[in-house]
Amino acid sequence: MNTTRTIFLCDDDESVRHALAYLLKKHGFTVSAFGSGPELLAAIDAAPKPVRGLFVLDGRMEPMSGAVVHEQLRNRGLVKRNPVIFLSGHGDIPAAVTAMEKGAISFVEKPHTEDKLLPLIRQALELEEKWQAAARRCDFLRSMWDSLTPRQRQIALLKAGGELNKVIGDTLDISERMVEEHWVRVREKLGVDSIATLATTIAEMRSCEIGL
14 MNTTRTIFLC DDDESVRHAL AYLLKKHGFT VSAFGSGPEL LAAIDAAPKP
64 VRGLFVLDGR MEPMSGAVVH EQLRNRGLVK RNPVIFLSGH GDIPAAVTAM
114 EKGAISFVEK PHTEDKLLPL IRQALELEEK WQAAARRCDF LRSMWDSLTP
164 RQRQIALLKA GGELNKVIGD TLDISERMVE EHWVRVREKL GVDSIATLAT
214 TIAEMRSCEI GL
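Just so we're aligned, residue 14 is where the sequence shown starts under this note's numbering, counting upward by one.
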């Protein structure tokens with residue numbers, strides 16, 4: 014598993030990009046700098062998974078704006094794992110606010126200073142650690158749910174809803190004995206020992222947006 018946390022910096026202004034990369038490296042951060050959105054996305058697609066770190070995106074870039082790059086990161090499922098900070102000129106503030114509504118954690122108005130940017134970077138890295146842990150938990154829960162057969166999933170949901178074996182059997186047109194046999198398998202695969210723990214696990218799966 015990839016554990017190197019990188020600041021993925023994307024700005025099409027070469028002088029700004031080099032200055033920011035130098036500043037961040039001077040403070041001990043690992044930095045990968047890119048001059049365009051397509052370059053960044055190509056590198057991300059080729060990088061070891063999970064991608065660790067955060068993204069610092071300029072709002073106005075060619076040929077792909079920061080907003081479009083952000084949307085591409087969202088489509089790849091990264092915005093829930095990797096914080097995004099926008100670099101914004103004064104006229105770009107509405108766009109930066111819109112980006113925050115779509116998952117970016119903050120924006121820094123240009124000209125940025127060390128006092129503005131570095132605390133945000135450190136905060137974002139702390140947040141990234143929490144988000145990655147939550148994502149790993151969701152991945153684990155998804156793998157458990159995927160291990161169930163379609164019938165076991167039906168029974169798991171009905172049991173979590175408090176239905177009795179007889180009612181479940183009538184609903185699915187199977188015997189109570191068959192319901193109990195499936196329930197044994199469900200408990201083994203999901204690692205639960207009671208209806209209560211099953212219900213808690215199912216609720217957690219739903220919070221992870223696992224399609225139940």
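Every residue, glycine too, gets a C-beta built ideally from N, C-alpha and C.
Quick caveat, the model's predicted, so the values are computed rather than measured.
Report task. Find the nearest neighbour of R18 within the set D24, E142, D152, S207, judged by alpha-carbon distance. Result -> E142
Query raised in the report: Out of V110, L140, L100, which has the shortest C-alpha to C-alpha gap to M122?
Result: With the sequence shown as reference, residue 122 is identified as Glu, and Met is not the correct amino acid for it. Answer by Cα proximity: L100.
Query raised in the report: If you run the structure through DSSP and keep just helix, strand and coil, what is A60?
Result: coil
Requested in this report: Could you tell me whether the Cβ atoms of V92 and G116 are closer together than 8 Å?
Outcome: yes
Query raised in the report: Expressed to the nearest angstrom, what Euclidean distance is found between the alpha-carbon atoms of L36 and L171?
Result: 56 Å
Requested in this report: With distances taken Cα to Cα, identify the nearest neighbour of L185 among T16, V197, P163, L203.
Outcome: P163
Query raised in the report: By the 10 Å Cβ neighbour count, where 16 or more other Cβ atoms means buried, how is N95 classified, buried or exposed?
Result: buried
Query - Residue of H83, A59, A60, A55 minimising C-alpha distance to F68 - result: H83
Query raised in the report: How big is the Cα-Cα spacing for T213 and I181?
Result: 20 Å
Requested in this report: Determine the DSSP secondary structure at C221, reduced to helix, strand or coil.
Outcome: coil
Query raised in the report: Do F47 and I134 come within 8 Å of each other at the CB atom, strictly closer than that value?
Result: no
Query - Uninterrupted beta strand (DSSP E) stretches inside the region 109 to 143 (no shorter than 3 residues) - result: 119 to 122
Query raised in the report: Can the beta-carbon of A137 be found closer than 8 Å to that of I118?
Result: yes
Query - C-beta atoms of M74 and D24 nearer than 8 Å - result: yes
Query - Option nearest T16 by Cα separation, candidates A146, V205, A173, S220 - result: A146
Query raised in the report: Any idea if D206 is buried or exposed, counting beta-carbon neighbours within 10 angstroms, 16 or more meaning buried?
Result: exposed
Query raised in the report: Which residues share a DSSP beta bridge with F68?
Result: F21, V97
**Report entry** Beta-carbon proximity check, N178 vs V192, cutoff 8 Å
**Finding:** yes
Query raised in the report: Based on Cα-Cα distance, which residue from K39, Q85, A32 lies nearest to A56?
Result: Q85
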